[in-house]
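Notes follow the structure.
Residue numbers (this note's numbering): 12 to 89.
Dropping the structure here:
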C-alpha cells in the first residue's frame, strides 16, 4: 500500500488498508525486512501514537526524511 510523499501512516492504518486490521505485527515485520528503502519508502510508517518507531537507517535519518518531504528542511545545492 503506497503512502504518498510527505504523508505518514501507522502500522495499524496500513493493516486496515490491506484489509486485515489484526495484521499490525505482520505489517511491522514486512516493513523491517525492506531491503530497498530507496524504492519502498518505509520511513513513512510510524507508531499509532504518532511517534517515530524503528528504522534501519536510524530514527534521526527517519526524522530528517519526513521533515524533508514536508518541506521543513532547506537544502543548499551550492
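Quick reminder that beta carbons are idealized off the backbone N, C-alpha and C, glycines included.
In the three-state reduction of the DSSP assignment, residue 81 falls in the coil class.
Residue 57 places its beta carbon less than 7 Å from that of residue 21.
Unbroken alpha helix (DSSP H) runs of no fewer than 4 residues, entirely contained in the segment 22 to 68, are found at 22 to 28, 35 to 43, following chain order.
For the options 13, 18, 26, the alpha carbon positioned closest to that of residue 76 is the one of 18.
For residue 40, the number of other beta carbons within 10 angstroms of its own is below 16, and it is reported as exposed.
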